[in-house]
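>
In the UniProt record's numbering, the protein residues as written are 1 to 202.
Structure, rendered in structure tokens:
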């Protein structure tokens, strides 16, 4: 059992890269973790989040995205765990609700599993996992770094599709303030995707 004094923060650096290649099972779906995309603690200080590109084994190894939230301190106050679980369920519910917008990831499945011996806190820690479709495009703030130049017509498309997506969310009973980092854009298909729709973030 890890002492509480050692459970306040995760080790610095990438913790979960060595998960690449493993198969994770959620409900009746199997996913092979291919590549870690991002990792961090974000707003939830007692949770470490990792985002993986994965193969959906049940769907012909189609590439998807898995968001995995690891408990940092699994035997912390029950109220904290309940709060994290509520935020996670909100995220899954929003993804399902706005999948029809055409500008968000498509929901696949979600659930939780227990951490195992080689996870950071295996005694009682959970891993909450949300599987969704992979978005084709580049995050808006990284466009210039990727060598992409947005024309005025592209900016107009992004704004129009963002407004349409927010209105769709509102009709489904959800609201959100959009940050530039939330927006993916594919200049080839002229399609915008909203990536971050919940209280849980990296």
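All C-beta atoms, glycine included, are put in the ideal place defined by N, C-alpha and C. Being a predicted model, the structure only gives us computed values, none of them experimental.
What span of residues does the beta strand (DSSP E) with residue 126 cover, start to end?
126 to 133
> Excluding the five sequence neighbours on either side, which residues of its own chain have a C-beta within less than 8 Å of the C-beta of residue 20, listed in chain order?
33, 34, 35, 36, 52
> Are the beta-carbon atoms of residue 134 and residue 63 separated by less than 8 Å?
yes
> DSSP three-state call for residue 77: helix, strand or coil?
Only weak support exists for where residue 77 lies, its pLDDT of 49 falling under 50; the value from the coordinates is given anyway. Note: residue 77 maps to coil in three-state DSSP.
> Taking buried to mean at least 16 other C-beta atoms within 10 Å of its own C-beta, is residue 105 buried or exposed?
buried
> Work out the CA separation of residue 110 and residue 180 for me, nearest whole Å.
26 Å
> Assuming residue 216 is part of the beta strand (DSSP E), what are its boundary residues?
The structure shown has nothing for residue 216, since the chain only spans 1 to 202.
> Does DSSP classify residue 38 as helix, strand or coil?
strand
> State yes or no: is the C-beta of residue 131 within less than 8 Å of the C-beta of residue 26?
In contact: residue 131 and residue 26 (Cβ atoms closer than 8 Å).
> Exposed or buried, what is residue 118 when buried is set at 16 or more other beta-carbons lying within 10 Å of its beta-carbon?
Flag for residue 118 reads exposed.
> Could you pull out every residue in the same chain whose Cβ sits closer than 6 Å to the Cβ of residue 6, ignoring the five residues on either side in sequence?
Reliability of the predicted coordinates at residue 6 is poor, the pLDDT of 35 falling under 50, and no value is obtained from them.
> Could you give the C-beta distance for residue 192 and residue 112, rounded to a whole number, given that I count them as a contact under 8 Å?
In fact, because the Cβ distance is near 31 Å, the residues do not count as touching under 8 Å.
> From 56, 67, 187, pick the residue whose C-alpha is nearest to that of residue 144; which is it?
187
> Pull up the CB-CB distance for residue 184 and residue 125, whole angstroms please, since I reckon it's below 8 Å.
No, residue 184 and residue 125 are not in contact; Cβ-Cβ is about 31 Å, not under 8 Å.
> Determine the closest residue to residue 172 out of 98, 178, 122, with distance taken between C-alpha atoms.
Closest by alpha carbon: 98.
> If we require 3 or more residues per run, which beta strand (DSSP E) segments fall completely within the stretch 108 to 181?
126 to 133
> Where does the unbroken beta strand (DSSP E) through residue 55 begin, and where does it stop?
47 to 56 is the span of the beta strand (DSSP E), which, as asked, contains residue 55.
> In whole angstroms, give me the CA-to-CA distance for residue 178 and residue 29.
Each residue's CA atom was taken as its position, placing residue 178 and residue 29 some 31 Å apart.
> Going along the chain, which residues of its own chain have a beta-carbon closer than 6 Å to the beta-carbon of residue 24, five neighbours each way excluded?
31
> For residue 66, count neighbouring Cβ atoms within 10 angstroms of its own Cβ and tell me buried if that reaches 16, exposed if not.
buried
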